[in-house]
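Per the numbering used here, the sequence shown starts with residue 118, numbered consecutively.
Glycine included, every Cβ here is placed at the ideal spot set by N, Cα and C.
Contents: one structure, followed by commentary.
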Amino acid sequence: MKVYQEKLGIKLWAEADRPREKLLLNGRRHLTDAELIAVLIGSGNKNETAVDLSKRILASCKNDLDALGKLSVKDLSRFRGIGEAKAISIVAALELGRRRKETAGEEAMKITTSMDVYKMLLPVFADLNHEEFWILMLNQAHYVIGKQLVSKGGMAGTVADPKIIFKTALEHNAAYIILVHNHPSGNLKPSAEDLSITKKLVAAGEMLDLYVLDHLIVTNKLFFSFGDEGLI
118 MKVYQEKLGI KLWAEADRPR EKLLLNGRRH LTDAELIAVL IGSGNKNETA VDLSKRILAS
178 CKNDLDALGK LSVKDLSRFR GIGEAKAISI VAALELGRRR KETAGEEAMK ITTSMDVYKM
238 LLPVFADLNH EEFWILMLNQ AHYVIGKQLV SKGGMAGTVA DPKIIFKTAL EHNAAYIILV
298 HNHPSGNLKP SAEDLSITKK LVAAGEMLDL YVLDHLIVTN KLFFSFGDEG LI
């Protein structure tokens with residue numbers, strides 16, 4: 118008897134795991150790059166979901182959106198499951214992103230103080246009624262090269278997985294990372310868990326030569342810096 122494993126299509130995923138439904142439920146910033154591209158292309162091929170296909174496209178560019186933005190419609194159409202219409206959608210979306218960045222006229226931000234971090238990520242945490250854990254990734258010169266949501270929790274807390282944190286940072290070729298999470302309660306005092314995870318991540322970063330520069334706890338008006346308080 119022939120035994121085979123059928124690929125589970127996106128339509129059969131749990132609703133919260135489908136890119137479009139996930140965007141509606143949680144907002145666009147909670148989607149990965151691959152999930153956002155999957156929303157654009159809509160479907161994959163016989164062997165891949167739209168998300169898997171998007172991951173393969175990103176992997177071909179070493180997960181570099183700038184490199185992806187340089188691909189032509191012809192380049193994208195070489196991927197099985199990407200026809201001309203889907204390729205055009207990707208190219209158009211990335212071009213809009215490029216024009217938005219150009220219009221804003223923003224230069225890469227250099228982080229020199231904890232206040233720089235707070236000002237940059239305050240819009241991310243504004244008015245949230247649950248905890249989120251983010252990382253800010255920097256290059257050797259301390260310029261920001263990316264930021265990423267690591268985990269999302271409830272009112273009481275969220276779990277920061279070291280494996281996810283360092284995997285993400287390594288994929289971005291970061292030299293340093295800064296940890297940031299919010300306290301919806303407004304209480305800036307670090308919890309025992311905050312102190313423990315910070316110590317664990319600092320130690321892990323030293324082993325990988327990927328150093329944790331700081332850990333901020335933020336509220337809508339104030340922040341607490343582990344670095345400023347001598348806790349890192």
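Nearest-angstrom beta carbon gap, Leu305 and Phe341 [assumed within contact, 8 angstroms]: Taking the first residue of the sequence shown as 1, we reach residue 341 at position 224. Taking the first residue of the sequence shown as 1, we reach residue 305 at position 188. Contact holds; Cβ gap of about 4 angstroms.
Would you call the CB atoms of Asp311 and Ile294 closer than 8 angstroms? Residue numbering aside, residue 311 sits at position 194 when the sequence shown is read from its first letter. Residue numbering aside, residue 294 sits at position 177 when the sequence shown is read from its first letter. Not a contact, by the Cβ cut-off of 8 angstroms.
If you pair each beta-carbon of the region 170 to 179 with each one of the region 140 to 154, do three or more pairs fall below 8 angstroms? Because the criterion of three Cβ pairs below 8 angstroms is met, the region 170 to 179 and the region 140 to 154 touch.
Cβ shell of Ala204 (< 7 angstroms), same chain only, five flanking positions each side left out: Position 87 of the sequence shown, counted from the start, is the residue given in the question as residue 204. Cβ within range, chain order: Val190, Leu193, Ser194.
According to the neighbour-count rule (16 or more other Cβ atoms, all chains shown, within 10 Å of its Cβ), is Asn337 buried or exposed? As a working note, residue 337 is residue 220 in the sequence shown. Here Asn337 is exposed: its Cβ has fewer than 16 other Cβ atoms, across all protein chains shown, within 10 Å.
Could you name the residues of the same chain whose beta carbon sits closer than 8 angstroms to that of Lys349, not counting the 5 residues immediately before and after it, in chain order? On the sequence shown, residue 349 is found 232 positions in, with the first residue counted as 1. First, the residue type needs correcting, since residue 349 is Ile and not Lys in the sequence shown. Exclusion of the five residues before and after Ile349 leaves Thr315, Val319, Val329, Leu330, Asp331, His332, Phe343 as the residues of its chain whose Cβ lies within less than 8 angstroms of its Cβ.
Run through the DSSP bridge pairs and tell me what Phe341 is partnered with. In the sequence shown, residue 341 corresponds to position 224, counting from 1. Answer by DSSP bridge pairing, in chain order: Ile334.
For Met254, which residues in the same chain have their Cβ closer than 6 angstroms to its Cβ, ignoring the five residues on either side in sequence? The residue given as residue 254 occupies position 137 in the sequence shown. Here the set comprises Ile262, Gly263, Ala286, His289, Ala291, Ile294.
Roughly how many angstroms separate the alpha carbons of Glu132 and Arg216, rounded to a whole number? Here residue 132 is taken as the residue at index 15 of the sequence shown, counted from 1. Here residue 216 is taken as the residue at index 99 of the sequence shown, counted from 1. Model confidence at Glu132 stands at a pLDDT of 43, short of 50, so the residue's coordinates are unreliable and nothing is read from them.
What residues in its chain sit with their C-beta under 6 angstroms from that of Phe242, if we drop five residues either side in the sequence? As a working note, residue 242 is residue 125 in the sequence shown. For Phe242, where only same-chain residues beyond five positions count, the Cβ hits under 6 angstroms are Asn299, Val335.
Can you tell which of Asn180, Ser302, Gly144 has the C-alpha that lies nearest to the C-alpha of Asn246? Position 129 of the sequence shown, counted from the start, is the residue given in the question as residue 246. Asn246 has its Cα closest to that of Ser302, out of Asn180, Ser302, Gly144.
Under the assumption that Ile252 contacts Val234 (Cβ atoms under 8 angstroms), give the Cβ distance between them as a whole number of angstroms. Residue numbering aside, residue 252 sits at position 135 when the sequence shown is read from its first letter. Residue numbering aside, residue 234 sits at position 117 when the sequence shown is read from its first letter. At roughly 11 angstroms, the Cβ-Cβ gap does not stay under 8 angstroms, so Ile252 and Val234 are not in contact.
Alpha carbons only, please: which of Met232, Gly322, Lys280 is nearest the one belonging to Asp345? Counting from 1 along the sequence shown, the entry for residue 345 is found at position 228. Of the candidates Met232, Gly322, Lys280, Met232 places its Cα closest to the Cα of Asp345.
Suppose only complete runs of 4+ residues qualify. What are the alpha helix (DSSP H) ranges in the region 257 to 305, listed by chain order? Whole alpha helix (DSSP H) segments, 4+ residues: 279 to 288.
Inter-residue Cα distance where the pair is Glu223 and Thr229: Here the question's residue 223 lines up with position 106 in the sequence shown. Here the question's residue 229 lines up with position 112 in the sequence shown. Low local confidence applies: a pLDDT of 47 at Glu223 is under 50, so the model's placement there is unreliable, with the coordinate-based value given in what follows. Taken atom to atom, the span from the alpha-carbon of Glu223 to that of Thr229 is near 17 angstroms.
Keeping to the same chain, check which residues put their C-beta closer than 7 angstroms to that of Arg197; ignore five residues upstream and five downstream. Taking the first residue of the sequence shown as position 1, residue 197 is located at position 80. Contacts found: Asn162.
Only counting the same chain, and skipping five residues up and downstream in sequence, which positions put a Cβ closer than 7 angstroms to that of Ser160? One-based indexing of the sequence shown puts residue 160 at position 43. Sequence-distant Cβ neighbours of Ser160 in its own chain, meaning closer than 7 angstroms and more than five residues away, are Ala167.
Measure from the alpha carbon of Glu212 to the alpha carbon of each residue in Ala225, Lys236, Gln257, Leu185, then state which is nearest. Taking the first residue of the sequence shown as position 1, residue 212 is located at position 95. Ranking the options by Cα distance to Glu212, first place goes to Leu185.
Among Val276, Ala321, Lys187, Met237, whose alpha-carbon lies nearest the alpha-carbon of Ser308? Counting from one through the sequence shown, the residue named residue 308 turns up at place 191. The residue with the shortest Cα to Cα distance from Ser308 is Val276.
Contact under 8 angstroms by Cβ, Phe283 with Leu327: By 1-based counting over the sequence shown, the position of residue 283 is 166. By 1-based counting over the sequence shown, the position of residue 327 is 210. Against a cut-off of 8 angstroms, the Cβ pair of Leu327 and Phe283 comes out as a contact.
Within a Cβ cutoff of 8 angstroms, which residues of the same chain sit near Leu148, ignoring the five residues on either side of it in sequence? Translated into positions along the sequence shown, residue 148 becomes position 31. Result list for Leu148: Pro136, Lys139, Leu140, Val156, in chain order.
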